[in-house]
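One structure below.
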Amino acid sequence: MKSLINTALKLVTIALVVGLSAAVIRAQIGVTGGRIQIDSLDRLDAKAAEMVNVSLDERLLQIVPQAFDKNDPDEMKAKEIIAGLKGVYVKVFEFDAEGAYDRQSDVEPIRQQLKAPGWSRIVEVRSRREGKEIEVYLLNNGSRVDGLTVLAFEPKQLVVVNIVGTIDLEKLRQLEGQFGVPALEIEKDSKPQKK
Amino acid sequence: MQRKFISSLLITCAACSLFLSSIVSAASKSLDFGGVVKLIESHYRVKSKGLPLVARMGIKVASPVTRLGGYGGVKVALFEDQDFSSPAKGTNISEVLRVVLRPEWSPLVEVRSRQSSELTLVYTKEAGDRFKVLVVTIGQRDGTAVQAELSKSKLAQFIKDPERMSRKMTDEATSENEP
């Protein structure tokens, strides 16, 4: 009888821990909602030769479709994508010389955020010869994608794109070249890599 | 004795919270256009020519309103032939503006090029059913600060191509041509 009570108590404890963990994970996803903190990169502004910083929150994104041409099919597709978005945040830094930014201190804090529950890396491209690296991360919420982050590094360039909200990857290409979003070059058949 | 002490403590606490809340509400107000102009002046140790040229500004202010539908309430400050090469050390104007314009204004676009020595900062703020846009452009020798009220459709065009639209807005607001 005593052991049964002990087992029951253990099970209750485990259930509570699991339930609490799930709640914490849900809360983490809910609070950040796909938005990652990239303001720490602002310190690179002083070193960069060129800098572009775009912040489009949900309030502004809701207004954008008013500027779309109803007769332009591309713009109509872009309108569909924007309808599910809650934010587009872009930071582009171009430097005169190599080594102006440090992967460890400048980029790693952003990568750490992308290790949070829900995020998975779907693309990783490295070109040792050109020193280029592209990483694409998705925030999966069941079958839905709630966020996307692109990190693109070159010896003299650093690009971070953070798109928040429900994203249809097949339609995402329509955003390239608009609202400060550079060409993301995400292939349709990119598969998530489990971490 | 104890009751007296507690009541005086309560009164002190209430006074402190009132004082603190007044500070918080004052701090939560963003800087207005004049404040932004003064801040640019002190940051770069430059002088704007907007205020003494009220008559000239009247012409300039009228041009974007009449030529471009959807613009209104335009305010312009010009920094002509000034030296922007020595800003206040240890701070960055975009960071400073972001702080002083918070929470009412949100940064939309910041573009800086060392090669062309140009900095463009665009902020937006809701104003009822319209939006206010503040565009600050700093060059090597010249600078401008333009604030305008935009309709939602005009702002949508602005967001679609903020770099081009902020240039256009600044150019038209500072244009010498009468409408």
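Order-wise, the sequence lines are chains A and B. In terms of our numbering, the first sequence is residues 1 to 195. In terms of our numbering, the second sequence is residues 1 to 179. Just so you know, even glycine gets a beta-carbon here, dropped at the ideal spot from N, CA and C.
query, result
"How long is the line joining the alpha carbons of V64(A) and D74(A), rounded to whole angstroms?", "14 Å"
"Measure the alpha-carbon distance for Y101(A) versus L114(A) and round it to whole angstroms.", "20 Å"
"I need the straight-line Cα distance from V107(A) to G73(B), nearest angstrom please.", "42 Å"
"Since T120(B) and V76(B) are thought to touch, with beta carbons under 8 Å apart, how far apart are those beta carbons, to the nearest angstrom?", "No, T120(B) and V76(B) are not in contact; Cβ-Cβ is about 15 Å, not under 8 Å."
"Can you check whether the C-beta of D57(A) is within less than 8 Å of a C-beta belonging to chain E?", "Of the protein chains in the structure, A and B, none is chain E."
"From the DSSP output, read off the bridge partner residues of G87(A).", "D57(A), V164(A)"
"Around the Cβ of P162(B), are there at least 16 other Cβ atoms within 10 angstroms (buried) or fewer (exposed)?", "buried"
"Quick check: what's the CA-CA separation for I122(A) versus K86(A)?", "21 Å"
"Check this for me: beta carbons of V150(A) and V164(A), under 8 Å apart or not?", "no"
"For R35(A), does the count of other Cβ atoms within 10 angstroms reach 16, so buried, or fall short, so exposed?", "buried"
"If you draw a straight line from the C-alpha of Q147(B) to the C-alpha of G147(A), how long is it?", "33 Å"
"What residue ranges within the region 90–152 of chain A form continuous alpha helix (DSSP H) runs of no fewer than 4 residues, ordered along the chain?", "108–113"
"Which residues in chain A have a C-beta closer than 9 Å to the C-beta of S117(B)? List them in chain order.", "Ordered by position in chain A, no residue passes the 9 Å Cβ test against S117(B), which lies about 11 Å from the chain."
"Note down the Cα distance separating N141(A) from I134(A), rounded to an integer number of angstroms.", "23 Å"
"Determine the extent of the alpha helix (DSSP H) in which E41(B) is found, giving its start and end residues.", "33–44"
"Using a Cβ-Cβ cut-off of 6 Å (strictly less than) and excluding sequence neighbours within five positions of Q140(B), which residues of its own chain qualify?", "S117"
"Which parts of the region 80–140 of chain B are runs of the beta strand (DSSP E), unbroken and 3 residues or longer, counting only runs that do not cross its ends?", "106–113, 118–127, 130–138"
"List the residues of chain A that S30(B) touches, going by C-beta distances under 9 Å, in chain order.", "Going along chain A, no residue has its Cβ under 9 Å from S30(B), so there is no contact; the nearest lies around 16 Å."
"Can you give me the C-alpha to C-alpha distance between M169(B) and F131(B), rounded to a whole angstrom?", "14 Å"
"With three or more C-beta pairs closer than 8 Å as the rule, is the region 78–85 of chain A touching the region 122–137 of chain B?", "no"
"Could you give the first and the last residue of the continuous beta strand (DSSP E) run that contains T144(B)?", "143–150"
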